[in-house]
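Quick note: this note's numbering has the sequence shown finishing at residue 275, numbered continuously throughout.
Report on one structure; see the data block that follows.
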Amino acid sequence: ERYPRGHSAPQPCHFAGVKILPIPVLSNNYSYLVIDTSSGQAAVIDPSDPLAVQAAIEEEGVMLEAIFCTHKHCPAPGGWHEGVTSNDAGLPVLRDHSGGNTALRQQHGSCKVYGSTLDAIPELT
Numbered sequence: 151e152r153y154p155r156g157h158s159a160p161q162p163c164h165f166a167g168v169k170i171l172p173i174p175v176l177s178n179n180y181s182y183l184v185i186d187t188s189s190g191q192a193a194v195i196d197p198s199d200p201l202a203v204q205a206a207i208e209e210e211g212v213m214l215e216a217i218f219c220t221h222k223h224c225p226a227p228g229g230w231h232e233g234v235t236s237n238d239a240g241l242p243v244l245r246d247h248s249g250g251n252t253a254l255r256q257q258h259g260s261c262k263v264y265g266s267t268l269d270a271i272p273e274l275t
C-alpha cells in the first residue's frame, strides 16, 4: 500500500501573501486552511473534522473568518440536509453537512458559512 496510514505527506503552499495548509481528515481526505499571512485571517475549506481543523487554527494563530463547503463528506445525523438555513445574502447554505461546521462556528461565531444545498452532488467514490 502506498500510504499505509491513509494519507500522503502534504506540504503547505505559499503564494504572495497566502498560505494554504492541507489538514489530513478522515482516513483519506483533506480540509484546507487558507491564510492571509498579512492579516492573520483565514478560511477553511471542507471542515469535516472540527478537532483537526481547530488544532491547525490554533497552531497557526489565525482568526477563522469563513467556512467553505464544496461537497458533502459524510452523513450527518438526520440526513445531509439537516441544518439548512440562509446566509445574509439569502442564499441557502448547509450549516453542518459533516459535524465540522457547527463545532467550528461555536468557537468562531463571527465566521460565515458558504456552500449551497443546490450543489448537492451524488457520491462517486
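All C-beta atoms in this analysis are idealised placements derived from N, C-alpha and C, irrespective of residue type, glycine included.
{"Check": "Q161 burial status per 10 Å Cβ neighbour count (16 or more: buried)", "Outcome": "exposed"}
{"Check": "Buried or exposed by the 16-neighbour rule on C-beta atoms within 10 Å, applied to S177", "Outcome": "exposed"}
{"Check": "Any non-hydrogen atom of the ligand FAD within 7 Å of D186 CB", "Outcome": "Of the ligands one can find in the structure shown there are none, so the ligand FAD has no counterpart to examine."}
{"Check": "Chain-order list of residues whose beta-carbon lies under 6 Å from that of A202 (same chain, five-residue window excluded)", "Outcome": "I173 and V175"}
{"Check": "S188 burial status per 10 Å Cβ neighbour count (16 or more: buried)", "Outcome": "exposed"}
{"Check": "Under the three-state DSSP convention, the category Q161 falls into", "Outcome": "coil"}
{"Check": "Those residues which DSSP pairs with Q191 across a bridge", "Outcome": "D186 and M213"}
{"Check": "Spatial distance of L183 from K169 (CA atoms)", "Outcome": "8 Å"}
{"Check": "Pairwise C-alpha distance: L214 and A206", "Outcome": "11 Å"}
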